[in-house]
Structure formats: structure tokens, C-alpha cells
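A.B. asks: Attaching a single structure in C-alpha cells format; questions to follow.
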Amino acid sequence: EHLPEHIAMEWYAAYWDWQQGMRFMEDMYKYVLERTFGTLQFTLGEFEVDMSGQWQVWDYAEVIHKHYHIDVYNTTIEEVAAKLKEHGLEVEKTDSIPRGIDKLWKNIRKTVAGPVWLVNTPKFISPLSKTNPDNPQTVERFQPVIAGSELGNGFSELNDPIDQLNRFVEQQQMRDAGDEEAMMLDIDYVEMLEYGMPPACGWGFSERVFWIFEGVTAREGVPFPQLRSEVDETTRAIYADVKLG
């Protein structure tokens, strides 16, 4: 969901958790947008978005259950595939339960004006996020949804090397089964965690933030978009029978 020239901002804060990161980013969005545009009310495509109030917080599993009547922690690939077909979404042979549920969420997301924080994401689709001790099936992750798009991603960093290795193994098994979006096993990263990493919150977002709020296309929203090369006269002579533009 981004161009080859990927412009992103990331930060990490030692000894912060996801809730501190979420409050910080909500304040940052409001501050930067108001300083840049002089307002917190926007018309973004088909959406009217008011960034000024306290953002809503949505629980991932509750949203899926509300729209599709599926328990994401107790379902089958057959049930997920049936819901995908029912809502006109593509079903691929390589779809796993996590990938199918992610498709169902994205079908909801495209209708959400926001701003909304999506939290309590299932562990099986968040391999780098720390487990939520209040609900071990979920992770400490937060994603802002604005104008039908996820405009960022943050979480309490998983710093347990054993847990991280187990998650990588699960992801590699999904990848071996044909899921190209699953992560590859990164044993070097696990080894680095074995040396030690403090508790931390991490955050990242990409150029999509600027496209959406500036009302420009992806091509207009990057400093150096890919351009068609100028066709020289020698090339035109070689391909004289072809319209080269």
C-alpha cells in the first residue's frame, strides 16, 4: 500500500507502553494538523472528519463480530471464506484464517470516517507486538483509522526472545503455506533480543498521511516520483513503426 519510494517516520520511546504512545500520537496529529492547515475539520474524499475531539477506540474482535458475527478466536477457514464470499471479497487458495479475517477488517475500514483507534488486535496477525496481559489472545497495538485508511501503526515492542521466536516460526509456516504477507523467520533479530532490549513503544507511518490530508494523488505526494524516460532519436529510429509518445 505504498510506492517504491517509501517515505516514513518512525520513533521508539524506551519505557513507554502502547497507551502512552497512543495519547502522544493523538496529541501530535492534532498539533501538526492545526499548525499546518489552521483547522481540525477536513473533507477528505467522501468523508467529513473532525479531529478535534477525543478519538473513538474500537476493539478489533468486537468490530468483526458486530459486522460479520464471527468470533475471531474461535472460527474456521470455511466460516471465514463463506463471509468473504458473502460480502463479495476475493477468496484465495492460500488464505489462512488470519489473512481472511484481515480482509474482512479492511472491508470495514474503507467505510470508516474516523478518527478511530483500532486496538486489541489479535496476536496471530501482529507478530512483533507485545502480548496484552489482560487478554493474552491480543497484543498491545494501536492503529489510527482516518478517511478509510490506516494512517500509522504503533505497539508495545515485543522484547521477549522466546515469544518472538515462536511467533516468527508461526509466520514462517504461514509463508511456507503460500501466504506472501506473512513474515520470514529473522533469527538475527531474535539473537539481538537475547542480548536485551528495554520495554519500549514504537510507532511508524508513511507518506499516505500526506496524500490524504493534502488531497493529492500518490504520484503528487512524493518528492521524486517515477517519470517516463525521454525517448531519444536513435531509439525512435530503431522503433520507427511503434508509437513511442
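If you're matching positions, the sequence shown starts at 33 in the numbering used here and goes up one per residue.
Where a beta carbon is used, it is the ideal one built from N, C-alpha and C, also for glycine.
Taking the alpha-carbon positions, what's the leucine 197 to phenylalanine 69 distance?
C.D. replies: Looking up residue 197 in the sequence shown gives position 165. Looking up residue 69 in the sequence shown gives position 37. Using only the alpha carbons, I get a separation of about 44 Å.
A.B. asks: Closer than 8 Å by C-beta to lysine 117: which residues in its own chain qualify, once you throw out the five before and the five after it? Chain order, please.
C.D. replies: Stepping through the sequence shown from its first residue, residue 117 is reached at position 85. The answer, listed in chain order, is Val123.
A.B. asks: For the alpha helix (DSSP H) containing methionine 54, name the first residue and the last one.
C.D. replies: Residue numbering aside, residue 54 sits at position 22 when the sequence shown is read from its first letter. 50–69 is the span of the alpha helix (DSSP H), which, as asked, contains methionine 54.
A.B. asks: In the DSSP assignment, what residue or residues form a beta bridge with alanine 40?
C.D. replies: One-based indexing of the sequence shown puts residue 40 at position 8. Paired residue(s): Ser238.
A.B. asks: So what's proline 130 in DSSP terms, helix, strand or just coil?
C.D. replies: In the sequence shown, residue 130 corresponds to position 98, counting from 1. Proline 130 falls in the helix class under three-state DSSP.
A.B. asks: Label glutamine 73 either buried or exposed according to how many other C-beta atoms from any shown protein chain fall within 10 Å of its C-beta, with 16 as the threshold for buried.
C.D. replies: One-based indexing of the sequence shown puts residue 73 at position 41. Exposed, because fewer than 16 other Cβ atoms sit within 10 Å of the Cβ of glutamine 73.
A.B. asks: Please report the straight-line C-alpha distance between glutamine 169 and phenylalanine 237, rounded to a whole angstrom.
C.D. replies: Within the sequence shown, the letter at position 137 stands for residue 169. Within the sequence shown, the letter at position 205 stands for residue 237. So the two alpha carbons sit approximately 25 Å from each other.
A.B. asks: For glycine 53 and phenylalanine 174, which I take to be in contact (beta-carbon distance under 8 Å), what is that distance rounded to the nearest angstrom?
C.D. replies: Taking the sequence shown and counting its residues from 1, one reaches residue 53 at position 21. Taking the sequence shown and counting its residues from 1, one reaches residue 174 at position 142. Confirmed, about 7 Å.
A.B. asks: Beta-carbon within less than 6 Å of alanine 272's beta-carbon, same chain only, minus the 5 sequence neighbours each way: which residues are those?
C.D. replies: Your numbering for residue 272 matches position 240 in the sequence shown. Here the set comprises nothing.
A.B. asks: Is it a yes or a no for the stretch 217–226 touching the stretch 193–209, going by three-plus beta-carbon pairs under 8 Å?
C.D. replies: The stretch 217–226 vs the stretch 193–209: in contact.
A.B. asks: Can you tell me whether DSSP reads glutamine 86 as helix, strand or coil?
C.D. replies: Counting from 1 along the sequence shown, the entry for residue 86 is found at position 54. Three-state result, glutamine 86: coil.
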